[in-house]
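One line per chain: the protein sequences are A and B, in this order. The numbering of the first sequence is the working numbering, which starts it at 254 and goes up by one. The numbering of the second sequence is the working numbering, which starts it at 254 and goes up by one. All C-beta atoms, glycine included, are put in the ideal place defined by N, C-alpha and C. Comments concern the structure below.
2 protein chains.
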Amino acid sequence: MANAKTTNILDTGVKLVRNVGSFNFGNGAVVDLAIHVDKRREIAREAGADDRAVYLVDEFFESSEGFVSLLGSRHEDHVAYVGTADEPTTDSIDKLTAKLIAKGFSNPATIVGVGGGITLDTAKAVANLLTNGGNAADYQGWDLVKVPGVHKIGVPTISGTGSEATRTCVMTNKKTGLKLGMNSDHTVFNHLVLDPNLTATVPRDQYFYTGMDAYIHCVEALAGSYRNAIGDAYSQETLNLCRKVFLADDMMSTEAREQLMVASYLGGSAIAASYVGVVHPFSAGLSVVLGIHHCVANCIALKALGEFYPEANKEFLKMAERQKVLIPAGVCSNLSDEQYEALFKGTIVHEKPLTNALGSDFREILTIDKVVALFKQM
Amino acid sequence: MANAKTTNILDTGVKLVRNVGSFNFGNGAVVDLAIHVDKRREIAREAGADDRAVYLVDEFFESSEGFVSLLGSRHEDHVAYVGTADEPTTDSIDKLTAKLIAKGFSNPATIVGVGGGITLDTAKAVANLLTNGGNAADYQGWDLVKVPGVHKIGVPTISGTGSEATRTCVMTNKKTGLKLGMNSDHTVFNHLVLDPNLTATVPRDQYFYTGMDAYIHCVEALAGSYRNAIGDAYSQETLNLCRKVFLADDMMSTEAREQLMVASYLGGSAIAASYVGVVHPFSAGLSVVLGIHHCVANCIALKALGEFYPEANKEFLKMAERQKVLIPAGVCSNLSDEQYEALFKGTIVHEKPLTNALGSDFREILTIDKVVALFKQM
Numbered sequence: 254m255a256n257a258k259t260t261n262i263l264d265t266g267v268k269l270v271r272n273v274g275s276f277n278f279g280n281g282a283v284v285d286l287a288i289h290v291d292k293r294r295e296i297a298r299e300a301g302a303d304d305r306a307v308y309l310v311d312e313f314f315e316s317s318e319g320f321v322s323l324l325g326s327r328h329e330d331h332v333a334y335v336g337t338a339d340e341p342t343t344d345s346i347d348k349l350t351a352k353l354i355a356k357g358f359s360n361p362a363t364i365v366g367v368g369g370g371i372t373l374d375t376a377k378a379v380a381n382l383l384t385n386g387g388n389a390a391d392y393q394g395w396d397l398v399k400v401p402g403v404h405k406i407g408v409p410t411i412s413g414t415g416s417e418a419t420r421t422c423v424m425t426n427k428k429t430g431l432k433l434g435m436n437s438d439h440t441v442f443n444h445l446v447l448d449p450n451l452t453a454t455v456p457r458d459q460y461f462y463t464g465m466d467a468y469i470h471c472v473e474a475l476a477g478s479y480r481n482a483i484g485d486a487y488s489q490e491t492l493n494l495c496r497k498v499f500l501a502d503d504m505m506s507t508e509a510r511e512q513l514m515v516a517s518y519l520g521g522s523a524i525a526a527s528y529v530g531v532v533h534p535f536s537a538g539l540s541v542v543l544g545i546h547h548c549v550a551n552c553i554a555l556k557a558l559g560e561f562y563p564e565a566n567k568e569f570l571k572m573a574e575r576q577k578v579l580i581p582a583g584v585c586s587n588l589s590d591e592q593y594e595a596l597f598k599g600t601i602v603h604e605k606p607l608t609n610a611l612g613s614d615f616r617e618i619l620t621i622d623k624v625v626a627l628f629k630q631m
Numbered sequence: 254m255a256n257a258k259t260t261n262i263l264d265t266g267v268k269l270v271r272n273v274g275s276f277n278f279g280n281g282a283v284v285d286l287a288i289h290v291d292k293r294r295e296i297a298r299e300a301g302a303d304d305r306a307v308y309l310v311d312e313f314f315e316s317s318e319g320f321v322s323l324l325g326s327r328h329e330d331h332v333a334y335v336g337t338a339d340e341p342t343t344d345s346i347d348k349l350t351a352k353l354i355a356k357g358f359s360n361p362a363t364i365v366g367v368g369g370g371i372t373l374d375t376a377k378a379v380a381n382l383l384t385n386g387g388n389a390a391d392y393q394g395w396d397l398v399k400v401p402g403v404h405k406i407g408v409p410t411i412s413g414t415g416s417e418a419t420r421t422c423v424m425t426n427k428k429t430g431l432k433l434g435m436n437s438d439h440t441v442f443n444h445l446v447l448d449p450n451l452t453a454t455v456p457r458d459q460y461f462y463t464g465m466d467a468y469i470h471c472v473e474a475l476a477g478s479y480r481n482a483i484g485d486a487y488s489q490e491t492l493n494l495c496r497k498v499f500l501a502d503d504m505m506s507t508e509a510r511e512q513l514m515v516a517s518y519l520g521g522s523a524i525a526a527s528y529v530g531v532v533h534p535f536s537a538g539l540s541v542v543l544g545i546h547h548c549v550a551n552c553i554a555l556k557a558l559g560e561f562y563p564e565a566n567k568e569f570l571k572m573a574e575r576q577k578v579l580i581p582a583g584v585c586s587n588l589s590d591e592q593y594e595a596l597f598k599g600t601i602v603h604e605k606p607l608t609n610a611l612g613s614d615f616r617e618i619l620t621i622d623k624v625v626a627l628f629k630q631m
């Protein structure tokens with residue numbers, strides 16, 4: 254019966270896969286973005302609708318002179334820089350959506366998200382909210398988004414999260430402690446511009462941590478019990494590419510940055526057809542309770558979770574050593590009992606990935622004592 | 254300057270990749286087809302349009318009692334069985350389109366193509382013609398299709414051609430001898446149902462020849478000069494899957510059929526982001542002049558083209574031996590001079606793939622004597 258239960262809880266919405274509509278790929282591809290935005294303006298004008306665009310851009314680019322006009326923005330468009338000190342919360346999404354409506358951008362021709370996972374997820378969530386109404390928290394879960402969001406274009410500037418390809422946009426609900434996205438076909442980007450040139454200026458540590466998100470996704474997916482041939486193929490190729498990148502002398506060579514951008518996209522496609530495992534729930538606990546960002550939290554978690562993923566743990570440590578990147582240590586060493594309990598709760602709530610990894614009896618393995626002991630090693 | 258010319262001729266339409274909209278994957282997924290067709294009927298009804306569907310089905314299934322109703326067809330729909338004795342011609346596409354119009358199906362809610370490359374390509378071509386008007390030959394080439402075709406759903410029943418994922422539908426123009434598809438974003442399927450169960454009844458030889466189409470595509474793509482990281486990744490994983498399938502004891506086990514269906518889809522995605530090489534032009538010559546079907550023609554060609562692809566040639570022969578499949582021999586041994594000249598012309602016309610493989614000076618390598626000598630070995 255354990256098998257039957259496993260199948261049941263993991264059956265939701267994975268058999269049908271929605272692809273990103275289309276994408277441009279290549280160094281310099283970002284110059285094509287303006288063409289795509291202009292096409293959307295034309296379609297909007299023909300329909301008698303608002304032909305202005307909204308640009309949500311990682312704050313990193315705020316000081317880059319001329320960057321936004323390179324992206325095809327016009328003075329009548331709205332450009333908002335997205336802070337990356339904190340990951341998206343249901344509150345931050347609600348506030349940004351309200352701000353756009355207040356400024357008259359309730360139905361723009363397109364929303365262009367330019368940045369890492371935080372910015373891309375923000376663009377996806379806001380696009381859904383503008384057309385569906387209500388609050389972000391209403392849509393945390395599976396297939397709760399009722400109608401298509403505003404047309405949206407994703408332009409990743411760092412590789413690894415796979416947000417550009419997935420049907421989710423992760424947000425933390427500070428009230429409930431729940432870190433969960435709007436898992437929906439409507440969350441998928443209509444178009445992507447994949448330009449590896451954009452990742453040349455990423456700090457090395459961040460480049461590594463974020464790239465590892467793709468690696469860890471796929472390690473978890475391939476070790477899970479919910480598998481299918483297409484998810485496996487995407488995961489396998491993502492791992493092959495990550496090995497090429499992170500076992501190379503320079504993970505940031507032109508070739509490596511191209512490969513990692515592909516790995517991120519394929520890793521996201523893998524996730525769309527599979528589930529994560531033990532690392533992501535622990536990582537989510539670190540994010541929700543301690544505010545540690547997703548990608549570095551993944552790395553901290555995988556380092557301590559060698560008993561669940563022995564080979565990947567070893568390979569990952571070798572990659573970090575090769576690229577001379579330090580994984581933060583001691584982040585959970587001196588916490589209060591309440592914090593440890595919160596970490597446990599923030600981990601164990603992720604039933605789907607834990608069932609995928611450990612079966613429906615995962616609570617018998619991940620007791621509170623066991624989970625706290627693992628966190629204390631992080 | 255050779256490089257500049259190579260870049261130029263190969264630059265057309267590859268940087269932008271259109272994905273299949275969505276897909277169902279898994280054994281038994283075909284039962285979901287009716288749901289998708291019914292969704293299209295509903296959308297058509299809401300728009301006051303024709304809510305009937307057209308089913309184009311491989312003639313193989315004509316005798317399978319109840320198969321078409323399993324696919325969700327209703328008595329008011331139009332079901333046409335597609336013959337597979339000959340590959341699609343511009344004439345056959347024109348005739349089928351005229352027939353559909355005559356029967357009142359000029360704008361159906363969706364066209365469902367169920368079969369192999371012939372049937373899927375037929376569905377794609379007819380869908381384009383119904384909305385664009387004119388004749389099939391008008392659209393042979395790159396980006397000549399002006400408006401989106403009728404909505405279309407692909408259901409492959411054999412794996413390898415990648416037609417389910419590509420932006421082309423190959424047709425032979427008997428008047429000009431040109432074998433070339435409607436290469437267009439509008440040619441891409443809106444939805445796929447990928448059900449590996451459907452391939453269980455394919456004859457072993459045909460299963461091998463067709464599967465090899467994916468393998469050969471990707472061998473050619475990875476050996477070419479026009480490369481990019483995303484095409485490479487798709488090609489690499491396609492080859493990995495083909496090796497698992499064709500070097501296994503039984504290429505038609507449940508697991509192998511699942512893997513080959515994924516390989517076909519990813520191989521098609523690879524082609525969308527790259528070019529083929531020397532094998533496909535020779536194979537096209539065999540098809541145009543001698544009427545040999547595409548997939549077996551590929552195998553015949555690769556067997557004789559070891560000097561261009563030495564490792565793949567060896568691996569391919571090993572796969573054929575392992576699966577106990579014979580590659581036809583002597584198909585060009587006793588032809589007339591006119592036929593040899595036609596074979597040469599039918600090969601050398603494929604400038605893009607030959608430039609990709611051999612550079613813009615390919616005619617200096619592939620002289621008529623050389624090409625005829627190679628055909629005589631087939």
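>> Can you tell me whether Ala-626(B) is buried or exposed? The criterion is at least 16 other CB atoms within 10 Å of its CB, across all chains shown.
In response: exposed
> Could one say the Cβ of Ala-282(B) lies closer than 8 Å to chain A's Cβ atoms, at least one of them?
Replying inline: yes
> Can you name, in chain order, every residue of its own chain whose Cβ lies under 8 Å from the Cβ of Ala-257(B), other than the five neighbours on each side?
Replying inline: Because the pLDDT at Ala-257(B) is just 42, under 50, the model does not fix this residue reliably, and the value given afterwards should be weighed accordingly. Taken in chain order, the list of residues that qualify is empty.
>> Suppose you measure from the CA of Ser-345(A) to the CA of Gly-369(B); what does that come to, to the nearest Å?
In response: 49 Å
>> Quick check on Ser-275(A): does DSSP put it in helix, strand or coil?
In response: strand
> Closest Cβ-Cβ distance between Phe-499(A) and chain B: below 8 Å?
Replying inline: no
> Can you give the Cα-Cα distance for Val-498(B) and Gly-386(B), rounded to whole angstroms?
Replying inline: 42 Å
> Is it true that the CB of His-331(B) sits closer than 8 Å to the CB of Lys-356(B)?
Replying inline: yes
> Along the chain, where does the beta strand (DSSP E) that runs through Met-435(B) open and close?
Replying inline: 431 to 436
>> Among Ser-359(B), Val-515(B), Asp-291(B), Val-472(B), whose alpha-carbon lies nearest the alpha-carbon of Leu-323(B)?
In response: Asp-291(B)
> Relative to the alpha-carbon of Glu-511(B), which residue among Ile-601(A), Leu-555(A), Phe-320(A), Ala-486(A) has its alpha-carbon at the smallest distance?
Replying inline: Ala-486(A)
> Which runs of the beta strand (DSSP E) fall wholly inside the segment 305 to 375 of chain A and span at least 3 residues, in chain order?
Replying inline: 306 to 311, 331 to 335, 363 to 368
> At what residue ranges does the segment 471 to 514 of chain B contain a whole run of the alpha helix (DSSP H), taking only runs of 4 or more?
Replying inline: 482 to 499
> Residues of chain A with CB under 9 Å from Asn-277(B), in chain order?
Replying inline: Lys-268, Leu-269, Val-270
>> Can you find the residues in the same chain that come closer than 7 Å, C-beta to C-beta, to Phe-278(B), ignoring five residues on each side of it along the sequence?
In response: Leu-447
>> Which residue marks the beginning of the alpha helix (DSSP H) containing Met-572(B), and which one marks its end?
In response: 563 to 575
>> By the DSSP assignment, the alpha helix (DSSP H) with Gly-599(B) in it spans what residues?
In response: 590 to 601
> Lys-623(A) to Leu-558(A), Cα distance in whole Å?
Replying inline: 11 Å
> Using the beta-carbon of each residue, which ones in chain B are nearer than 7 Å to Gly-402(A)?
Replying inline: Near Gly-402(A) there are no residues of chain B at all, since even the closest Cβ is about 16 Å away, more than 7 Å.
> What is the DSSP secondary structure of Ala-443(B), counted as helix, strand or coil?
Replying inline: Just to set this straight, residue 443(B) is Asn in the shown sequence, not Ala. Reduced to three states, the DSSP call for Asn-443(B) is coil.
> Mind checking if Gly-521(B) is an interface residue toward chain A, Cβ cutoff 8 Å exclusive?
Replying inline: no
> Going by Cα to Cα distance, which pick from Ile-469(B), Pro-361(B), Asn-609(B), Val-270(B) is closest to Gly-402(B)?
Replying inline: Pro-361(B)
> Of all the residues that make up the segment 385 to 419 of chain A, which are near chain B by a beta-carbon distance shorter than 9 Å?
Replying inline: none
> Taking any Cβ of chain B, which residues in the segment 474 to 508 of chain A have a Cβ under 9 Å from it, in chain order?
Replying inline: Asn-481, Ala-482, Ile-483, Gly-484, Asp-485, Ala-486, Tyr-487, Gln-489, Glu-490, Thr-491, Asn-493, Leu-494, Glu-508
> Are there three or more Cβ pairs, one per stretch, closer than 8 Å when the segment 571 to 580 of chain A is compared with the segment 595 to 607 of chain A?
Replying inline: no
> Do Val-408(B) and Val-441(B) have their C-beta atoms within less than 8 Å of each other?
Replying inline: no
> Helix or strand or just coil, what does DSSP make of Phe-296(A)?
Replying inline: Residue identity differs from the one stated: residue 296(A) is Ile in this sequence, not Phe. Ile-296(A): helix per DSSP, three-state reduction.
>> I'd like to know if Glu-318(A) contacts chain B, where contact means its C-beta is closer than 8 Å to some C-beta of that chain.
In response: no
> Where do the N-terminal and C-terminal ends of the alpha helix (DSSP H) with Asn-551(B) fall, by residue?
Replying inline: 547 to 557
> Identify the residues that DSSP records as bridge partners of Lys-405(B): which are they?
Replying inline: Ile-364(B)
> Does any CB atom of chain B fall closer than 8 Å to the CB of Gly-325(A)?
Replying inline: no
> Would you say Phe-273(B) reaches chain A, if we count a Cβ-Cβ gap shorter than 8 Å as a contact?
Replying inline: Strictly speaking, residue 273(B) in this sequence is Val, with Phe absent from that position. Yes, Val-273(B) lies at the interface with chain A (some Cβ there is under 8 Å from its Cβ).
> In three-state terms, what does DSSP make of Gly-520(A)?
Replying inline: helix
>> Between Leu-373(A) and Glu-315(A), how many whole angstroms is the CB-CB distance? I'm expecting something under 8 Å.
In response: With a Cβ gap of about 17 Å, Leu-373(A) and Glu-315(A) do not count as contacting.
>> Please list the terminal residues of the continuous beta strand (DSSP E) segment that includes His-425(B).
In response: Here residue 425(B) turns out to be Thr, not His, going by the sequence shown. Where Thr-425(B) is concerned, the enclosing beta strand (DSSP E) stretches over 423 to 426.
>> On the CB-based measure, 16 or more other CB atoms within 10 Å of its CB, does Asp-503(B) come out buried or exposed?
In response: exposed
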